[in-house]
Amino acid sequence: MNPRERLQNARLLLVTDPRPDLTSRVEAAVRGGVDVVQLRDKRASREELLPLAAELKEICEEASAIFTVNDDVELARLCEAHGVHLGQEDASPEDAREALSMKVVIGRSASSVEEALEAVREGVDYLGVGTVYATPTKPDADVRGPSLLREISRANILLPWFAIGGITLETAYEAAEAGAPGFAVVRAVLDAEDPETAARELRSCLETRAD
478 MNPRERLQNA RLLLVTDPRP DLTSRVEAAV RGGVDVVQLR DKRASREELL PLAAELKEIC
538 EEASAIFTVN DDVELARLCE AHGVHLGQED ASPEDAREAL SMKVVIGRSA SSVEEALEAV
598 REGVDYLGVG TVYATPTKPD ADVRGPSLLR EISRANILLP WFAIGGITLE TAYEAAEAGA
658 PGFAVVRAVL DAEDPETAAR ELRSCLETRA D
């Protein structure tokens, strides 16, 4: 099953941040049910990130998870990532696809129904929708609240999408009830005492809603 096929059942996306024990925490997270791991480090150079990218990709492949890179299409190409996530100011999905391959997954950030629909027209494979709740990861982001999730849900977006921004065990049920089919998280898993258990609990919020 290629990454684009695996993405259809993905529910939990983990965005990384720089920390010395990152690889062991990612290993635990994928055991707990993380489907997609997105490497994000705004401070390190491409050359510095390549060895880490190779490690994380191996961890993901052993767990049948998807490994993607944030923003950097060239890094995704060099490490043969399964995909790349693009912000609104990054490369176009068409250019990213041309630089990588038709089999990779292309994600796009969206903070409104209009941006989501435009991303669909651009041919992306999934969306990161937010910022839903305030988060120190992006302190200057425009916080939209659960109403954004309800708007996206009513827009009948047929792509997989993940609510992002302040998704924790405390906010997860509300986000799921607002229509989020998946979560994208950082601290809720990586800061947890047990990342494996944290990932399982977040997934259970989505499964409870589906039931």
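Residue numbers (the numbering used here): 478 to 688.
Glycine is no exception: its CB is placed at the ideal position from the N, C-alpha and C atoms.
All of these numbers come straight from a predicted model, not from anything done at the bench.
Residue 491, buried or exposed, once every other Cβ within 10 Å from all chains shown has been counted against 16: Here residue 491 is taken as the residue at index 14 of the sequence shown, counted from 1. Result: buried.
For residue 629, the three-state DSSP class (helix, strand or coil): Translated into the one-based positions of the sequence shown, residue 629 becomes position 152. Looking at residue 629 - three-state DSSP - the assignment turns out to be helix.
Close Cβ partners of residue 527 (< 8 angstroms) along its chain, the five nearest in sequence each way excluded: Taking the first residue of the sequence shown as 1, we reach residue 527 at position 50. Contacts found: 552, 555, 556.
Local Cβ density within 10 Å of residue 611, reported as buried at 16 or more and exposed below that: Locating residue 611 in the sequence shown gives position 134, counting from the first residue. By the C-beta density criterion, residue 611 is exposed, having fewer than 16 other C-beta atoms within 10 angstroms.
Per DSSP, the bridge partner or partners of residue 561: Along the sequence shown, read from residue 1 onward, the residue named residue 561 stands at position 84. As DSSP reads the structure, residue 561 sits in a beta bridge with 546, 583.
Straight-line gap, residue 653 to residue 583 (C-alpha atoms, nearest Å): On the sequence shown, position 176 is the one that residue 653 refers to. On the sequence shown, position 106 is the one that residue 583 refers to. Whole-angstrom Cα-Cα distance: 23 angstroms.
Residue 650, enclosing alpha helix (DSSP H) - first and last residue: Stepping through the sequence shown from its first residue, residue 650 is reached at position 173. 649-654 is the extent of the alpha helix (DSSP H) around residue 650.
Chain-order list of residues whose beta-carbon lies under 7 angstroms from that of residue 623 (same chain, five-residue window excluded): As a first step, residue 623 must be located in the sequence shown, where it is residue number 146. Within the same chain, residue 623 has close Cβ partners 609, 651, 652, 655.
Candidates 579, 511, 619, 495, of which the one nearest residue 666 by Cα: Against the sequence shown, residue 666 aligns to sequence position 189. For residue 666, the nearest C-alpha among the options comes from 511.
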